[in-house]
Each structure stands twice: as structure tokens, then as C-alpha cells.
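There are 2 protein chains.
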Amino acid sequence: MKPFLSRQTMRYSEQHLRQFVEQVLLTVGVSLSDAQSTAYVLIEADVTGRHTHGVSRLPLYVNRLESGLISVNPQLRWSQKMHPTMARLDGGNGLGPAVALQAVKQSMATAKEMGIGAIAVYRSNHCGALSVYCEMGSREGLITMAMTNTPPAMAPWGGQAAYLGTNPIAWGFPRGLQLPPLIIDMATSTVARGNILDAARLGQPIPLGWALDSAGVPTTDANAALGGGTVLPTGGPKGYAMALAVEILTGVLSGAGIGPTVYNPYKDQNHESNVGHFFLTMDPQAFLPGSEFYQRLEVMEEQMRRVPATSGAQVTLPGDRSAKAREEYTQRGIPLDIDLIGQLDQLAQRLGAAPLSSPESL
Amino acid sequence: MKPFLSRQTMRYSEQHLRQFVEQVLLTVGVSLSDAQSTAYVLIEADVTGRHTHGVSRLPLYVNRLESGLISVNPQLRWSQKMHPTMARLDGGNGLGPAVALQAVKQSMATAKEMGIGAIAVYRSNHCGALSVYCEMGSREGLITMAMTNTPPAMAPWGGQAAYLGTNPIAWGFPRGLQLPPLIIDMATSTVARGNILDAARLGQPIPLGWALDSAGVPTTDANAALGGGTVLPTGGPKGYAMALAVEILTGVLSGAGIGPTVYNPYKDQNHESNVGHFFLTMDPQAFLPGSEFYQRLEVMEEQMRRVPATSGAQVTLPGDRSAKAREEYTQRGIPLDIDLIGQLDQLAQRLGAAPLSSPESL
Chain D
1 MKPFLSRQTM RYSEQHLRQF VEQVLLTVGV SLSDAQSTAY VLIEADVTGR HTHGVSRLPL
61 YVNRLESGLI SVNPQLRWSQ KMHPTMARLD GGNGLGPAVA LQAVKQSMAT AKEMGIGAIA
121 VYRSNHCGAL SVYCEMGSRE GLITMAMTNT PPAMAPWGGQ AAYLGTNPIA WGFPRGLQLP
181 PLIIDMATST VARGNILDAA RLGQPIPLGW ALDSAGVPTT DANAALGGGT VLPTGGPKGY
241 AMALAVEILT GVLSGAGIGP TVYNPYKDQN HESNVGHFFL TMDPQAFLPG SEFYQRLEVM
301 EEQMRRVPAT SGAQVTLPGD RSAKAREEYT QRGIPLDIDL IGQLDQLAQR LGAAPLSSPE
361 SL
Chain Z
363 MKPFLSRQTM RYSEQHLRQF VEQVLLTVGV SLSDAQSTAY VLIEADVTGR HTHGVSRLPL
423 YVNRLESGLI SVNPQLRWSQ KMHPTMARLD GGNGLGPAVA LQAVKQSMAT AKEMGIGAIA
483 VYRSNHCGAL SVYCEMGSRE GLITMAMTNT PPAMAPWGGQ AAYLGTNPIA WGFPRGLQLP
543 PLIIDMATST VARGNILDAA RLGQPIPLGW ALDSAGVPTT DANAALGGGT VLPTGGPKGY
603 AMALAVEILT GVLSGAGIGP TVYNPYKDQN HESNVGHFFL TMDPQAFLPG SEFYQRLEVM
663 EEQMRRVPAT SGAQVTLPGD RSAKAREEYT QRGIPLDIDL IGQLDQLAQR LGAAPLSSPE
723 SL
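Chains as they are written, first to last, in the numbering used here: chain D, 1 to 362; chain Z, 363 to 724.
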């Protein structure tokens with residue numbers, strides 16, 4: 001889902017982009033550890049082609065850090081555990097990627113020891129692409145589910161004002177310890193809000209069916225969709241139901257914000273966002289011995305890829321495009337559009353950091 | 363999703379319908395316990411308005427039992443547990459509702475003790491409406507997720523032959539021990555196959571957008587959709603991705619059939635169906651103390667219901683329609699269409715059981 005491209009892009013290596021992000025975050029007082037976590041998560045999104053959730057979010061993060069709306073030095077706190085496999089994490093209003101990484105790592109450690117781990121997170125922030133956490137868990141052999149709530153974007157079914165977020169859900173399934181996992185990552189809206197943000201940034205229209213304006217009328221104007229309009233759930237009431245399930249697990253169950261008390265980091269300047277996440281990790285060997293899960297998954301995939309394609313198409317599995325992007329971008333560099341590069345350079349200049357567009361200066 | 367009604371219906375009490383189902387199953391040799399479980403699950407679907415998954419499935423179950431393709435006297439076996447909260451159940455090719463009820467009850471008992479329970483099931487059969495299992499878990503205070511795979515109905519994205527089932531996913535969220543839970547139950551296809559079966563049975567067309575025929579062309583002919591055609595995933599690639607996640611958890615992870623080795627009970631006369639299920643139950647008190655989860659869920663629901671409705675509509679939450687059906691049907695009886703009643707009476711007559719339409723004879 002990357003329909004919006006400006007005319008020009010420039011390519012940078014993962015390593016270069018990560019260093020840029022780290023350096024920028026360090027200049028505003030973030031700890032090295034949190035800066036590294038955030039750089040890792042954002043650039044993992046870019047290198048898998050999920051540019052809406054990559055370094056394009058850095059200016060937002062920096063603005064919130066500078067205004068104190070994201071904590072530069074968060075105190076993460078675990079609630080007292082009621083059961084050995086489940087826990088709740090107070091993210092201390094830290095950078096979302098740093099908080100979420102800590103949560104998923106705890107969930108993974110628990111699953112490795114106990115077979116399953118479930119972590120609910122509150123007082124977090126926008127955490128980038130959920131696929132990154134699922135890929136991390138599944139690269140270590142664990143089935144990984146990740147969810148997050150997001151600021152209001154979709155109306156309840158039958159309603160005309162936004163309440164639920166675009167509330168994405170992601171799954172990672174390990175293909176074996178030597179192979180990249182199978183990754184599913186989807187907003188429960190027709191498109192992720194990032195796609196509409198991209199269109200607005202580039203001054204391009206959005207397709208009909210993505211969003212309604214503030215009067216509940218279908219619109220092709222990205223700004224109308226963002227300014228008081230609502231995004232439509234995928235598949236109508238089914239996407240709505242999935243978004244609700246995500247809201248309950250990430251918002252209600254975690255103690256995070258719910259609906260309008262998940263504050264929009266682009267608009268609200270008075271509250272911490274109080275985003276909630278939910279992670280579930282499971283060891284497939286709790287069910288099937290040895291590598292049987294991997295073998296069975298491989299058989300299924302091979303069978304699916306052999307299904308005759310419709311004319312002009314080919315059978316694809318979720319994550320195929322991202323895996324291809326990673327292969328190309330790792331070799332040739334990650335393409336970023338020049339408008340974004342300009343924004344990032346301005347940001348770096350203002351902070352006295354080396355600009356993205358001068359690799360040699362890093 | 364109940365667009366197909368024959369002109370006439372008759373109403374029967376839950377109790378009467380359950381007794382009818384039990385009696386029919388007893389005549390073909392099913393144990394009292396399995397007959398009761400199956401009657402409970404089927405009639406719970408009917409009393410919540412999910413008629414596609416109710417007593418309308420009884421003739422299928424009986425046919426399979428009589429031909430030995432569902433075991434009359436299944437031996438259920440638990441795999442050796444690797445971890446205390448997770449287990450795998452061999453359903454012994456028993457009646458799906460009886461197998462699935464045993465699995466979800468085990469998952470519930472585990473969650474009550476350990477906070478979380480995850481059960482993967484293989485060698486099961488069509489298990490009725492997943493909502494029934496979620497409602498059961500959530501009425502006892504547990505967040506409950508249920509999934510099942512189903513025979514091939516949807517093509518992989520880009521493909522033209524069916525591989526994945528309509529693979530439904532359901533969630534139950536407890537509102538407190540005195541209140542009915544919030545239930546989400548959705549096929550990952552545009553519609554459940556049961557809706558197309560209903561249309562075919564009544565000789566009615568289906569809307570465009572539900573299905574493709576065997577050549578991959580959109581069709582309004584229910585029989586063309588059923589005979590070699592494919593059902594479309596909800597929301598396009600997103601529904602496909604969800605169906606795939608369900609297939610992996612219910613089929614790959616459990617050891618059940620996958621894709622075409624989940625045999626269609628309506629068509630295949632040579633194999634057990636080997637359906638797989640997956641249940642996850644969690645105690646919200648593992649995350650939030652006391653009744654805080656219920657209170658927060660109530661606040662969210664109240665806020666959502668206060669969102670202004672679009673003109674002519676009203677805000678609805680998943681499960682609203684089912685809750686309303688239960689209220690009406692419990693008082694006035696469950697309406698069944700007369701064609702179905704005729705089928706069930708024929709079935710009873712053939713088996714020497716009392717017909718459904720003669721309440722006094724039961």
C-alpha cells in the first residue's frame with residue numbers, strides 16, 4: 001500500500017539511516033539505549049517498504065520529546081505479576097518503539113521459558129510498524145501477535161464521529177531459525193492513516209472508499225479526511241469488529257487510553273498520548289514437537305504458491321512484498337522521497353546534528 | 363447477515379429444539395453427553411439468530427455419523443503437555459461441538475488457575491458457531507478467542523482455485539459475571555459459507571461481491587459459487603491475511619488438515635474432515651485488579667453508543683443483534699423456516715424419532 005510517490009527519491013543504507021535517527025534523538029536528550037531501539041524499529045519499517053511507519057515519523061517524535069509530551073527519560077514499571085506468563089507494563093510515556101521493544105522482549109523471554117507470554121502496555125506512544133515486533137519474535141522461533149490502539153480515526157458502526165483508531169493487528173509465524181518469518185501486518189481500517197498522511201503531505205487525492213469527511217460524506221481530499229473526517233473500516237462491520245477487539249485488548253485491558261483519550265500526537269499539545277499495546281508470543285513446540293510446525297507451514301506455503309493464478313496475476317502471501325523490499329533495499333539502499341529528506345535535513349540543522357543528505361559527515 | 367428468508371417460519375422453544383437434536387443423535391448411537399453438547403452448541407447458535415450454524419447443520423452431522431465419517435464414539439486424547447497452560451487435543455473425529463466444548467472447557471479451567479490457556483485441536487469436525495464457545499468462556503469472566511479452519515472456499519490472493527476456508531475468528535469479552543458478554547464472530551470471507559448454502563437451499567441469488575464462479579468470474583448464482591467457485595475474502599488482502607493466520611493456528615499448529623486436506627463434509631465421502639480449532643482464554647484480572655476491566659469496558663461502550671449516528675442509522679456494537687435475538691427468541695420461541703422444518707421432520711421420520719413439528723410427542 002504505497003500509492004504515493006513524489007517524483008524523486010534518494011537511497012541511504014540502513015546503517016546510515018539508523019545512525020541519523022540515533023544522533024537526532026541523542027541531541028534532544030534521549031538515552032542511547034532508547035535512541036538505538038527507536039532507530040532500529042523505524043528503519044526496520046523502511047527497509048521492509050513500510051515507509052509510512054519509518055523515519056518519516058522522526059519529526060513527530062522529536063517535536064513531542066522537545067515539548068515534553070513524550071518523556072525523554074521514561075521510568076518503565078512492571079505491575080505486580082498475578083501469573084507467571086502475563087504482565088502489564090507502564091511505559092512511563094517513553095518513546096513508543098523503546099517501550100514496545102521492551103515489552104515484546106519480555107514476552108519472548110517468557111514464552112521461551114513458559115511456552116506463552118502475554119504483555120499489555122499502557123502509557124506508551126506511537127510505536128512504529130507492528131511487523132517489526134512480530135518479525136523479532138518469530139526470528140527466534142515464536143509465534144508473535146502484536147496490536148496497538150491509535151488515536152480516533154474510525155466511527156463506531158452507524159456513527160459519524162471518530163472513536164476507534166485504525167488499530168492494527170500483526171502476526172509473525174516462524175519458518176525456522178534460518179528463514180525470515182511469515183509476517184502479517186494490517187490496519188483494521190481500509191488503509192493505514194499513514195497513507196492518508198502521505199497523500200496530504202504530497203498534495204495528492206485519495207481513492208474513494210478510504211475515508212469520509214467530517215459530515216460523513218465520502219471524500220477524495222486527504223486533508224478533509226484528516227481534519228475531522230473518519231477512515232472506513234476494512235470490510236465494513238468486520239473491520240470495525242476487529243478494531244474493537246484491538247481497542248479492548250490494547251486500551252481497556254492495559255489501562256491505556258481508550259477512544260478519544262488516546263491523544264493524537266499530531267494535533268493534541270496538552271496530553272501524553274497514552275497509547276496501549278498488546279503482545280502475545282507462543283512457542284509452537286508447546287504444541288508440535290521439534291521442527292514439525294516449520295515443516296507443516298512450508299508444505300502449506302508451497303501448496304498455496306502452486307494454486308493457478310488468475311490471468312495476469314500471481315499468488316502472493318502476506319509479507320512477500322516486504323521481503324522483496326528488504327532484499328533490494330539491503331543491497332541498493334532504502335529509497336526516501338526528497339520531500340521527506342528535506343524535512344529531515346531541516347530537523348537536523350535546527351538541532352545542530354549532521355544532515356541526512358551528507359553521509360560523509362556522520 | 364440473514365438475508366434469506368423463506369415465506370414462512372414456525373417457532374420452537376430452545377428446550378424443544380435441544381431435545382429434538384439430542385433425540386435424533388441418540389438414535390444414531392451418539393453418547394448422551396456428546397448429544398447434549400451438540401444440541402447445546404447448535405441451539406445456542408439458533409437462539410442468537412445465527413441460523414446458518416444452528417439446527418440446520420443436524421442433517422449433515424447425522425449423514426456423516428451414519429456413514430462413519432464422523433465417529434459415533436470418539437476417543438479424545440490430550441497430547442503430552444510441554445507447558446502447563448498449553449495443550450493439543452486429538453478430537454478422535456468426534457462431533458465438532460462435543461470436541462470443541464471439551465477443548466474450550468479445558469482452556470477455561472487452565473485460565474482460571476494459571477491466567478491463560480491455549481488449546482489447539484485436530485481431528486475435529488464442523489463445530490457450529492464459534493460465538494457459542496466465546497460466550498461460554500466470557501460468561502465465566504474470561505476473554506476468549508476461538509478460531510476454526512473450514513474446507514477450501516477462498517483462493518490465495520492472486521489465485522483462482524480455493525485453498526483456504528472461510529476461517530472464522532471470534533472473540534468474547536466479559537462485561538461482568540451478571541451480564542452477557544460482548545461477542546465478535548466473523549468469517550474472514552465476505553460472508554460465511556452458510557449464507558450461500560442458505561441461498562442455494564432457497565433457490566435465491568446472492569449479491570455480487572460475495573463469490574466468484576469456477577472460472578474466477580463474479581457470480582450471483584449460489585450454486586455456481588458452491589460448485590467449484592470461490593468466496594471472496596473480506597476487505598480483499600486483509601481478509602485473506604486473517605484467513606491465513608487462522609489456518610496456521612488451527613491447521614498447521616494443531617496438526618489438523620490444512621487447505622484441501624480439510625475435507626468438505628458436504629462433498630467428500632471418503633475422509634474424515636480433520637478440522638482444526640484454536641482456543642485462547644485469558645483472565646483479565648491477570649492484568650487489571652478486581653472488576654476494573656469490566657468498568658473500563660462499560661465506559662468505552664457507553665461512549666461509543668453516545669457517538670452521533672449518521673442519518674437514519676444507529677450506533678451498534680458487535681453482538682447487539684444476537685443479544686436482541688436471544689431476548690426475543692427466549693420469550694417467543696426460535697423461528698425456523700418451514701423448509702428446514704420439513705427436512706428435519708423427514709430426518710426424524712427416517713430414524714424413527716419424534717418429528718420436530720410435533721412438540722407434544724417429545
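Glycine included, each C-beta is placed from N, C-alpha and C at the ideal position.
- Three or more Cβ pairs drawn from the segment 109–121 of chain D and the segment 77–86 of chain D lie within less than 8 Å of each other, which places the two stretches in contact.
- Residues of the segment 634–649 of chain Z with a Cβ closer than 9 Å to any Cβ of chain D, in chain order: Leu-642, Met-644, Asp-645, Pro-646, Gln-647, Ala-648 and Phe-649.
- For Z:Phe-535, a Cβ of chain D is located within less than 7 Å of the residue's own Cβ.
- Look at the segment 472–513 of chain Z and you find these whole runs of alpha helix (DSSP H), each 4 residues long or longer: 492–501.
- Take Z:Thr-581, set aside five residues on each side of it, and the residues of its chain with a beta-carbon closer than 7 Å to its own are Ala-573, Leu-574, Asp-575, Ala-587 and Gly-591, in chain order.
- Taking C-beta atoms as the reference points, D:Thr-310 and Z:Gly-578 count as a pair closer than 7 Å.
- For D:Met-242, the enclosing alpha helix (DSSP H) begins and ends at 237–247.
- Under the 7 Å criterion on CB atoms, D:Met-86 is classed as interfacial with respect to chain Z.
- Listed along chain Z are Met-476, Gly-477, Ile-478, Asp-645 and Ala-648, each with a C-beta nearer than 8 Å to that of D:His-83.
- Under the 8 Å Cβ criterion, the segment 146–153 of chain D counts as touching the segment 127–135 of chain D, having at least three qualifying pairs.
- Z:Tyr-628 and Z:Asn-455 have their C-alpha atoms spaced approximately 16 Å apart.
- Taking the beta carbon of D:Ser-358 as reference, no residue of chain Z falls within 7 Å; the closest one sits roughly 39 Å away.
- Within the model, the alpha-carbon separation for Z:His-488 versus D:Arg-123 is close to 42 Å.
- With a threshold of 7 Å between beta carbons, Z:Ala-471 makes no contact with chain D.
- Distance check between Z:Glu-689 and each of Z:Gln-370, Z:Thr-371, Z:Glu-376 and Z:Met-372 places Z:Glu-376 closest, using alpha-carbon atoms only.
- The residue among Z:Glu-502, Z:Ser-418, Z:Leu-387 and Z:Phe-535 with its C-alpha nearest the C-alpha of Z:Gln-705 is Z:Ser-418.
- Look at D:Ala-245: its C-beta is under 7 Å from a C-beta on chain Z.
- Among the residues facing chain Z, D:Val-252 is included, as its CB has a counterpart in that chain under 7 Å away.
- Contacts with chain D (Cβ-Cβ distance below 7 Å) from the segment 494–519 of chain Z involve Ala-517, Pro-518 and Trp-519, listed in chain order.
- In the same chain as D:Arg-193, and ignoring 5 residues on each side of it, the C-beta atoms closer than 6 Å to its own belong to Ala-153 and Thr-166, in chain order.
- Taking a Cβ-Cβ threshold of 7 Å, the residues of chain Z close to D:Gln-314 are Gly-520, in chain order.
- For a Cβ distance threshold of 7 Å, nothing in chain Z lies close to D:Met-10: the least Cβ distance comes to about 30 Å.
- Annotated three-state conformation of D:Asp-268 is coil, per DSSP.
- In the pairwise beta carbon analysis, the segment 245–256 of chain D is classified as touching the segment 658–670 of chain Z: at least three pairs are separated by under 8 Å.
- With 16 or more neighbouring CB atoms inside 10 Å of its own CB, D:Leu-164 falls in the buried class.
- Scanning Z:Val-483, Z:Ala-407 and Z:Lys-443 for the CA closest to the CA of Z:Pro-697 turns up Z:Ala-407.
- D:Met-186 carries a strand assignment under DSSP once its states are collapsed to helix, strand and coil.
- By the Cβ neighbour-count rule, Z:Gln-398 is buried, with 16 or more other Cβ atoms within 10 Å of its own.
- Ranked by Cα distance from Z:Ser-616, the first of Z:Ala-605, Z:Leu-451 and Z:Arg-667 is Z:Leu-451.
- Using a CB distance cut-off of 7 Å, D:Gln-295 does not count as an interface residue toward chain Z.
- Three or more pairs of CB atoms, one per stretch, sit closer than 8 Å, so the segment 233–241 of chain D contacts the segment 592–607 of chain Z.
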